[in-house]
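Undergrad: Protein chains in written order, with our numbering: chain A, 1 to 363; chain B, 364 to 713. Here it is, the structure in full.
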Amino acid sequence: MGRIKLTNIDRAYGKTKILHGINLDIQDGELLVLVGPSGCGKSTLLRLIAGLDQPTAGTLEIDGRDVTKTSAADRGLAMVFQSYALYPHMTVRQNLAFGLENIRMDKAEIDSRINEAARMLEIGQYLDRRPGQLSGGQRQRVAIGRAVVRNPTAFLLDEPLSNLDAELRISTRAEIAALHKRLATTMVYVTHDQVEAMTLANRIVVMRAGRIEQVGKPLELYNEPANLFVAGFIGAPRMNLMPAKVKAVKAGSVSIESAGGLKATVKADGHKLKVGDDVTMGVRPHDLSLDGSADGLIEAEVNMTEVLGPETVAHATTSDGQKIVAVLNGQRQNSAGDTIKLGFDASKAHLFDAKGERVRSAA
Amino acid sequence: MSRAITFLTRRRGGRGWHWTDVFIWTWLIGGLIVMFGPALWLVMSSFKSPAQLAEFPPTLLPYATEQVMVEGYDKPLNLFTAKLPDGTTKVMAEVRRIGIVSQLVDPEEPGEIVKVNIADREPVRQVHFATENYTEPFEHFDFLQYLKNSVFVTVIATLITLLTNSMAAFALSKYQFRGRNFVLLLIVGTLMVPLSVLLVPLYSVISAVGLFDSLWGVILPTVATPTGVFLLRQYMLTIPDELIDAARMDNASEWQIYWRIILPLAAPALAVLAIFSVVWRWNDFLWPLVVLSRKELYTLQVGLNTYAGELNVQWHFILAMTVVTMIPVVLVFVFLQRYITAGIAGTGLK
């Protein structure tokens, strides 16, 4: 079992508040990813769960037991640190054994657990080396191994891939996913990389400035971001966000336009909007096309195009100075200065009100 | 070898001498004499006989007058090059000296005694190392006992120093608590209080707790060194906190974190402090002199002092035993100097 429940967690350092009333229910066996820009409090939250730091207010339960005041050692969790935090003066075997020796586990049991983990993570041949003699990827495996041998209630991973090179990052990411599938243990994974979040997570928690912005399945966050921040944070390249004004409100759709030549009719429940209200419309670069007959149209002048092969990334500016990025299918040769009409489907456009909250589609 | 010579004789001026070359060579040679001269003088003098030590002008090398056995005399006689009354110069043996007249005899013809003014004779001398300066203190004095005491004080004091200082440094570097910086400041502040100020109060304390005239009385007041705490703390600050977090997640107790994580990782700094501590304790003179009054408890440095009597200073023994007491410190520096430089460079500035 590994259900972790956070209720109204606050954390402040002096007068600086790092976390504001975090409520989160992490299901048993779930891989939950905490994602957000640096300084958003995601690592602090992980340390609170780990017990390495104490919340100033709120309670934390693991499997129904209140562990708010319990020390890190007694929570039955294991953590993988960003810097791996392997003990440099111990061999890999000693690193793996350290935590087990501390709970006075039987020597034979320790050996069998280490061998099992070494086999699973393919670190068997490095067991007698020191961390300094291992490559980054090998150290990463040892760090994970040190968590695995503990047989914890839940794994806490603090940006475990950030010190690896790009290629290794992709393969290790897949390994962590496989590990999670095999162990079926709860994992809380902190990252600032949204690709990691999208590929690994059962659910993603997007955080900003100590608050949870949205919790949901990866595609929910992508398809229906709850607010402007999540819309801008999830997805690469970033979603194009354009200020506009409401022109007409009909049942189930809202027509908007902007000074920069944007005209669109968006599927949304606009009963709270009035004509003339400030809104922001978002549309993902991949949802833009050169189809002039689409539901929405943006006229923009091309600044630069990047032809990547299967697709072309066009950087353009509308007449009111709004920057637009469009990812167009195929290889296109628009030269700088050309004016293009970018069309998009009404169902792919996202509408946000003046406060930045999503205007939901009519059910 | 030839490359070493090429390197050593390299000059800025190429074939000629640039003024900086002259300056550097003068500086280095001067420095060598200033730094190494006294040590060399000490070692050389330690092999001199008492008579030669009192000689003026002094010589660098130890000399002894050559002696010869002459028929008809029980003891060996000193050899002199004498200017005889007939104007010839000859090597003669001195039978005795009366006032300014020396009675000499030719070793080949021992029957005839020649009288010569002492100004007209020069001793025949050769380099001679008076090793008895070294052997006698070992045979006839308590030197071995002093050595044992010194080793005991040095080893125990160093061990306790390492233990207590590293514990203080651990707390001051890895725990967040109110007043941490104040405590550190207080500890470092005690660096400004010299021993002479503390001598009397420390003596009262030692005396009151019954450690007077005991080696523990020498050891205990010296084990807490602010330098050591500061040095170790600065080094421990460089040990990542994540390691401690990881150990906490690994069910390690605070003692285990200290003993199994922090101490092994602080080994370079501990080595530096160990070297310092050994040198300090070994060379300590004033405090042991104050605390110890029984002769069998004397440490080497205090023991050396016993060769300086009220009326008679046995310089030859003092010099020889000073050389002996220097040996461990020199060895420590020869073999561990890379730790000292690495440690001092690695602490404090990171």
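No residue lacks a Cβ here, since even glycine has one placed at the ideal position from N, Cα and C. For clarity, every value in this text was computed on a predicted model and none was experimentally measured.
#1: Along the chain, where does the alpha helix (DSSP H) containing residue 250 of chain A start, and where does it finish?
#2: Is there a Cβ from chain B that is less than 9 Å from the Cβ of residue 14 of chain A?
#3: Can you tell me whether residue 371 of chain A is buried or exposed, with buried defined as 16 or more other CB within 10 angstroms of its CB?
#4: Use the C-beta contact count for residue 281 of chain A: other C-beta atoms within 10 angstroms, 16 or more gives buried, fewer gives exposed.
#5: For residue 536 of chain B, count neighbouring C-beta atoms within 10 Å of its own C-beta (all shown protein chains included) and say buried if the count is 16 or more, exposed if not.
#6: Would residue 513 of chain B pass as a contact of residue 645 of chain B if the rule is Cβ separation under 9 Å?
#7: Quick check: residue 443 of chain B and residue 467 of chain B, are their CB atoms within less than 9 Å of each other?
#8: Quick one: Cα of residue 695 of chain B to Cα of residue 16 of chain A, how far?
#9: Cutting at 8 Å between CB atoms, please list the residues of its own chain near residue 488 of chain B, excluding the five before and the five after it.
#10: How many angstroms separate the CA atom of residue 381 of chain B from the CA atom of residue 399 of chain B?
#11: Does the contact criterion of 3 or more C-beta pairs under 8 Å hold for the region 399-418 of chain B versus the region 485-502 of chain B?
#12: Might you give, ordered along the chain, the residues of its own chain that have their beta carbon closer than 7 Å to the beta carbon of residue 439 of chain B, omitting 5 neighbours on each side?
#13: Answer yes or no: does any C-beta atom of chain A fall closer than 9 Å to that of residue 646 of chain B?
#14: Under 8 Å by Cβ, that's how I've got residue 678 of chain B and residue 585 of chain B pegged, so tell me the actual separation to the nearest angstrom.
#15: Beta-carbon separation of residue 383 of chain B and residue 375 of chain B under 9 Å?
#16: Which residue wins for smallest C-alpha separation from residue 715 of chain B, given the options B:676, B:447, B:661?
#17: Say whether chain A places a C-beta atom closer than 9 Å to the C-beta of residue 713 of chain B.
#18: Taking three-plus beta-carbon pairs below 8 Å as touching, is the region 161-176 of chain A in contact with the region 130-147 of chain A?
#19: Determine the extent of the beta strand (DSSP E) in which residue 208 of chain A is found, giving its start and end residues.
#20: Along chain B, which residues have their Cβ under 8 Å away from the Cβ of residue 187 of chain A?
#21: Consult DSSP for residue 303 of chain A and reduce its assignment to one of helix, strand or coil.
#22: Are three or more beta carbon pairs between the region 227-241 of chain A and the region 54-72 of chain A nearer than 8 Å?
#23: Going along chain A, which residues have a C-beta under 9 Å from residue 608 of chain B?
#24: Expressed to the nearest angstrom, what Euclidean distance is found between the alpha-carbon atoms of residue 261 of chain A and residue 319 of chain A?
#25: Among the residues of its own chain, which have a CB less than 6 Å from the CB of residue 259 of chain A, if the five just before and after it don't count?
#26: So what's residue 189 of chain A in DSSP terms, helix, strand or just coil?
#27: Mind listing the chain B neighbours of residue 350 of chain A? Cutoff is C-beta to C-beta under 8 Å, in chain order.
#28: Answer yes or no: does any C-beta atom of chain B fall closer than 9 Å to that of residue 99 of chain A?
#29: Taking 9 Å as the CB-CB limit, is residue 710 of chain B close to chain A?
#30: Please list the partners that residue 543 of chain B has in chain A, where partner means a Cβ-to-Cβ separation under 9 Å.
#31: Taking a contact to mean a Cβ-Cβ separation below 9 Å, would you say residue 46 of chain A touches residue 156 of chain A in this structure?
#32: Within 10 Å of its beta-carbon, does residue 125 of chain A have 16 or more other beta-carbons around it, so buried, or fewer, so exposed?
#33: What would DSSP say about residue 354 of chain A, mapped onto helix, strand or coil?
#34: Just checking my contact of residue 185 of chain A with residue 29 of chain A at CB under 8 Å: how many whole Å lie between their CB atoms?
#35: By Cβ distance, which residues of its chain are closer than 6 Å to residue 97 of chain A, with the 5 residues on each side in sequence left out?
#36: Apart from the five residues on each side of it in sequence, which residues of its chain come closer than 7 Å, Cβ to Cβ, to residue 712 of chain B?
TA: Working from what's here:
#1: Locating residue 250 of chain A in the first sequence gives position 250, where the first residue counts as 1. That residue, residue 250 of chain A, is in no alpha helix (DSSP H); its beta strand (DSSP E) goes 240-250.
#2: Here residue 14 of chain A corresponds to residue number 14 of the first sequence, with the count starting at 1. Chain B, which has no Cβ nearer than 9 Å to the Cβ of residue 14 of chain A, makes this no.
#3: What is shown of chain A runs 1 to 363, which leaves residue 371 of chain A out entirely.
#4: For the purposes of this step, residue 281 of chain A is identified with residue 281 of the first sequence, where counting begins at 1. It counts as buried.
#5: Taking the first residue of the second sequence as position 1, residue 536 of chain B is located at position 173. Buried is the call here.
#6: Sequence index remark: in the second sequence, residue 513 of chain B carries index 150 (1-based). Sequence index remark: in the second sequence, residue 645 of chain B carries index 282 (1-based). Closer than 9 Å, so yes.
#7: Position 80 of the second sequence, counted from the first residue, corresponds to residue 443 of chain B. Position 104 of the second sequence, counted from the first residue, corresponds to residue 467 of chain B. Taking 9 Å as the Cβ cut-off, residue 443 of chain B and residue 467 of chain B qualify as a contacting pair.
#8: Here residue 695 of chain B is taken as the residue at index 332 of the second sequence, counted from 1. Here residue 16 of chain A is taken as the residue at index 16 of the first sequence, counted from 1. Taking the straight line from one Cα to the other gives about 51 Å.
#9: As a working note, residue 488 of chain B is residue 125 in the second sequence. Result list for residue 488 of chain B: 426, 427, 428, 429, in chain order.
#10: Here residue 381 of chain B refers to the residue found at position 18 of the second sequence. Here residue 399 of chain B refers to the residue found at position 36 of the second sequence. Using only the alpha carbons, I get a separation of about 27 Å.
#11: yes
#12: Residue mapping note: residue 439 of chain B aligns to position 76 of the second sequence, counting from 1. So the list reads 430, 431, 432, once near-sequence residues are dropped.
#13: Reading the second sequence from its first residue, position 283 is the one you call residue 646 of chain B. It does not; no Cβ of chain A falls within 9 Å.
#14: Along the second sequence, one-based indexing puts residue 678 of chain B at 315. Along the second sequence, one-based indexing puts residue 585 of chain B at 222. Contact flag wrong, Cβ pair sits at about 30 Å.
#15: To locate residue 383 of chain B, count along the second sequence from 1; it is residue 20. To locate residue 375 of chain B, count along the second sequence from 1; it is residue 12. In contact: residue 383 of chain B and residue 375 of chain B (Cβ atoms closer than 9 Å).
#16: In the structure as shown, chain B starts at 364 and stops at 713, and residue 715 of chain B therefore has no counterpart that could be examined.
#17: As a working mapping, residue 713 of chain B is identified with position 350 in the second sequence. Caution applies to residue 713 of chain B, whose pLDDT of 34 falls short of 50 and renders its modelled position unreliable; the model cannot decide the point.
#18: yes
#19: Here residue 208 of chain A corresponds to residue number 208 of the first sequence, with the count starting at 1. First-last of the beta strand (DSSP E) with residue 208 of chain A: 203-208.
#20: To locate residue 187 of chain A, count along the first sequence from 1; it is residue 187. In chain order: nothing, as chain B lies at least about 15 Å away.
#21: Residue 303 of chain A sits at position 303 when you count from the first residue of the first sequence. Strand.
#22: no
#23: Numbered from 1 along the second sequence, position 245 holds the residue referred to as residue 608 of chain B. Here the neighbours are 47, 50, 52, 72, 79, 81, 85.
#24: Start at 1 with the first residue of the first sequence, and residue 261 of chain A comes out as number 261. Start at 1 with the first residue of the first sequence, and residue 319 of chain A comes out as number 319. Distance between the alpha carbons of residue 261 of chain A and residue 319 of chain A: 7 Å.
#25: The residue given as residue 259 of chain A occupies position 259 in the first sequence. Excluding sequence neighbours, residue 259 of chain A sits near 320.
#26: Counting from one through the first sequence, the residue named residue 189 of chain A turns up at place 189. Secondary structure of residue 189 of chain A (DSSP, three-state): strand.
#27: If you number the first sequence from 1, residue 350 of chain A lands on position 350. Simply none; closest approach about 39 Å.
#28: For the purposes of this step, residue 99 of chain A is taken as residue 99 along the first sequence, with counting starting at 1. Closer than 9 Å to some Cβ of chain B, the Cβ of residue 99 of chain A qualifies, so yes.
#29: Along the second sequence, one-based indexing puts residue 710 of chain B at 347. Below a pLDDT of 50, predicted positions are generally treated as unreliable, and residue 710 of chain B, at 47, falls in that range; the measurement from the model is reported next regardless. Residue 710 of chain B does not count as touching chain A.
#30: On the second sequence, position 180 is the one that residue 543 of chain B refers to. Residues of chain A passing the Cβ test: none, with the nearest at roughly 15 Å.
#31: Stepping through the first sequence from its first residue, residue 46 of chain A is reached at position 46. Stepping through the first sequence from its first residue, residue 156 of chain A is reached at position 156. In this structure, residue 156 of chain A lies closer than 9 Å to residue 46 of chain A by Cβ.
#32: Along the first sequence, read from residue 1 onward, the residue named residue 125 of chain A stands at position 125. Under this definition residue 125 of chain A is an exposed residue.
#33: For the purposes of this step, residue 354 of chain A is identified with residue 354 of the first sequence, where counting begins at 1. Here residue 354 of chain A sits in coil by DSSP.
#34: For the purposes of this step, residue 185 of chain A is taken as residue 185 along the first sequence, with counting starting at 1. For the purposes of this step, residue 29 of chain A is taken as residue 29 along the first sequence, with counting starting at 1. With a Cβ gap of about 7 Å, residue 185 of chain A and residue 29 of chain A count as contacting.
#35: Residue numbering aside, residue 97 of chain A sits at position 97 when the first sequence is read from its first letter. Taken in chain order, the residues that qualify are 110.
#36: One-based indexing of the second sequence puts residue 712 of chain B at position 349. Confidence at residue 712 of chain B is low in this model, with a pLDDT of 40, below 50, so its placement is unreliable and no value can be given for it.
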